[in-house]
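If you use my numbering, the sequence shown corresponds to residues 136 to 545, in order. Have a look at the structure below, then the notes.
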Amino acid sequence: MKNVKNYKCTLCFKEYESNKDIYTCPTCGEKGILDVEYDYKKIKETVSIQYFKINYDYSIWRYKEFLPVIDNHYLEETLKVGWTPLYKSNNLSKVLRLKNLYIKDEGLNPTASLKDRASVIAVIKAIENNNKIISCSSTGNAASSLAGNAARLGLKTVIFVPKRAPRGKIAQLLIYGAKVIVVNGDYKQTFELSKQAIDYYGWYNRNAAINPHMVEGKKTVAMEIAEQMNWIVPDWVVVSVGDGCTIAGVYKGFYDLLNVGLIDKIPKLLGVQAKGCSPFYNSFIENKPIKETMENTIADSIAVGIPRNPIKGASAVSKSLGSWVSVSDELILKAMRTLGTYEGIFGEPAGVTSLAGLEKAIKDGIINENDKVCIIVTGNGLKDIESAFKSVDKAITINPDLKELKKYIK
Ligand SMILES: *Cc1c(COP(=O)(O)O)cnc(C)c1O
Ligand SMILES: [Zn+2]
């Protein structure tokens, strides 16, 4: 916490010294989402390119000078979150005719999604606040990641998920010992119920938008991309968007690095939404405030009809001078196959939505062949194999007979 300056409301810009007992701005209520502000001068006294050269902590805590946590022994006891691989594309770049394409595989986090970056912070903050029980509502990954990270540090979790959450994610929750409440309703109803329950029981609240620390955890993905590219950032970073916390985090990570002089620009951000659920995209195209939409897409992790972090999400894209696209479920399923086939990376539908969006942006002339691009694959495909099967042809089944095999292999 030593480098945190204050908490600032994103609506009324009022500043608060600490957020010990508040999650959102007391004046603005639930919509007054706070942003954590840092003392960059102070961070610069410690952090430099050299600092990272001799830093052998290859986890999220590598960036602890930029995180709102107290540096104590608990940081060494968490699951190993972060420092996921950044691949330079071997084959996909040729297919897409891009000179420079990078893929950040967030599916290799301990519970197999980018959400671990936020959840591990939630767990540390709960310990700092002396809370024994943490709760959240989630379309799946925030929940399973919270349950896993909490289990590791001996905390209990109460998790609310909508009925449509893929079975792999629910299996994770149960294995991690969470108290799982499957809500007979959509994400909106699930979120509302969790909010009421958290208020009533006083559990630590991991709901991403409401808790400003979650975006801070997520920003480390951008810091890693920058460091793994030797502090020369790409022209574009492509991110799938539901609530808007992830893309807000990506912006914040680059923003922090720019402020301490480790990088010299913020990449343009391409926000990608599914056609069947695209409130951010619609608002961008129509130049109107964000309106509630249906939650109609196979990409369950970004099926968010009412984004909980509309201001931070939308301004991340606009401040970066980026853009928005939306893609059909068909394109998302195709991207699942493409990424697996050309690069050996298996992403869940929302995980590969970034790739589908990149293809769309190339087609629309938003991104061109000389741009250096990084796509973030936010979650692992093994979480949702039902969708995977929808994206591929059936495997052949034959008798144990070479003659029969020869009919299939030419
Ligand atoms: C949560 C999630 C996203 C989107 O993050 P938001 O903060 O909701 O915008 C994208 N992909 C996956 C796999 C996720 O779990
Ligand atoms: Zn406010």
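Every residue, glycine too, gets a C-beta built ideally from N, C-alpha and C.
- Here the alpha carbons of Y390 and V368 stand approximately 12 Å from one another.
- Looking at the DSSP output, I269 sits in a beta bridge with T292, Y339.
- Within 8 Å of the C-beta of G167 there is not a single heavy atom belonging to ligand 1.
- Its Cα nearest to that of K330, the residue S273 stands out among G500, S254, S273, M364.
- Put simply, the backbone Cα of N394 is about 7 Å away from that of Y175.
- Taking 9 Å as the cut-off, the beta carbon of I310 is found no closer than this to the beta carbon of V293.
- It is roughly 59 Å from the alpha-carbon of E351 to the alpha-carbon of K538.
- G448 sits in a helix when the DSSP states are folded into three classes.
- By the neighbour-count criterion, in which a residue is buried when 16 or more other Cβ atoms sit within 10 angstroms of its Cβ, T246 is buried.
- The beta-bridge partner set that DSSP reports for D170 consists of K143.
- Looking only at G164, P203, L146, Q185, the smallest Cα-Cα distance to L397 is reached by Q185.
- In this model, A449 and G379 are separated by some 7 Å (Cα to Cα).
- For I238, no alpha helix (DSSP H) encloses it; the enclosing beta strand (DSSP E) starts and ends at 235-240.
- Looking at the backbone, the Cα of D528 and that of L468 are separated by about 12 Å.
- Taken atom to atom, the span from the alpha-carbon of I520 to that of K137 is near 43 Å.
- With distances taken between CA atoms, I269 lies nearest to W338 out of W338, K541, K447, C144.
- Taking 8 Å as the cut-off, the C-beta of N444 counts as close to a heavy atom of ligand 1.
- In the structure shown, the three-state DSSP call for V487 is helix.
- Of all C-beta pairs linking the segment 398-408 to the segment 492-512, three or more are shorter than 8 Å, placing the two stretches in contact.
- Each residue's CA atom was taken as its position, placing Y322 and C271 some 12 Å apart.
- Closest by C-alpha distance to I195, out of A253, K304, L392, is A253.
- A direct Cα-to-Cα measurement between T428 and K199 gives close to 37 Å.
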